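Below is one structure; the comments refer to it alone.
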Amino acid sequence: MTTKPTAAEAGTAWLAQCSDQPAALRRVWAADGLAAVRSDVWRVVEADLLRSVDAMRPLGRAGVLGPVLVSTEARRAWWLTEVSAEDHLDDIPALTVRPARWPLLCPEVGHSLYGRGWLEAPDGTGKLTDPIALGVVFGPTSSLSAEAFR
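Residues 15 to 164 in my numbering are what the sequence shown spells out, letter by letter.
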């Protein structure tokens, strides 16, 4: 009888599959380290941690919330978005769109390490945060623009 992987296992497998070196990532995670995940499947968008926490609720309610990695030490959040993110977000000062294959230092899903952990974990489905919706909640006219998602 085969068992279905847990959500954390599915999320970790997906992260590894997004990399061109999945075995290397798994070795780092097995040694309780932060792995540098570089991917062509998604773009990393960096933002302030507290503002990101506030943004997650309306995005979640709208069904457009994808994985979000956070660092309590750095007070930063890293959103996994579609590869087209730069087209929609590069003019929003509160967000920094990282270049393709930017190394995202992260623990495996379900674990936190050195103050980093998944506030919204990858679930293995490949769901990403919608960059247009992310731009709305971080945009210049936003008082978080939560009302746009009610």
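By construction, the Cβ of each residue, glycine as well, lies at the ideal position given by its N, Cα and C atoms.
Since the structure is predicted, the reported quantities are computational estimates derived from the model, not experimental observations.
query: What is the residue span of the alpha helix (DSSP H) that residue 26 lies within?; result: 21-31
query: Mind pulling the alpha helix (DSSP H) runs of 4 or more residues that sit fully within the region 56-141?; result: 63-75 and 99-103
query: Here's a check: name, in chain order, each residue in its chain whose Cβ is nearer than 6 angstroms to the Cβ of residue 39, leaving out the five neighbours to either side.; result: 30, 33 and 49
query: Excluding the 5 residues flanking residue 140 on each side, which residues of the same chain have their C-beta closer than 8 angstroms to its C-beta?; result: 28 and 55
query: Give the single residue among 86, 132 and 121 whose Cα lies nearest to the Cα of residue 47.; result: 121
query: Run the CB neighbour count on residue 87, radius 10 Å, all protein chains shown included, and call it buried at 16 or more, exposed below.; result: exposed
query: Where residue 129 and residue 17 are concerned, what is the direct C-alpha to C-alpha distance, given to the nearest angstrom?; result: 31 angstroms
query: With DSSP collapsed to three states, give me the class of residue 49.; result: strand
query: Let's test the definition: count the other Cβ atoms within 10 Å of the Cβ of residue 117 and tell me whether it reaches 16, buried, or not, exposed.; result: exposed
query: Suppose the cutoff is 8 angstroms on Cβ atoms and the five residues either side in sequence are ignored; what does the same chain contact list for residue 106 look like?; result: 149, 152, 153 and 154
query: For residue 16, which beta-bridge partners are listed by DSSP?; result: BP columns for residue 16 are empty, so no partner.
query: Smallest Cα separation from residue 114: which of 42, 53, 21 and 24?; result: 53
query: Between the beta-carbon of residue 24 and the beta-carbon of residue 138, is there less than 8 angstroms?; result: yes
query: What is the rounded straight-line gap between the Cα of residue 20 and the Cα of residue 144?; result: 25 angstroms
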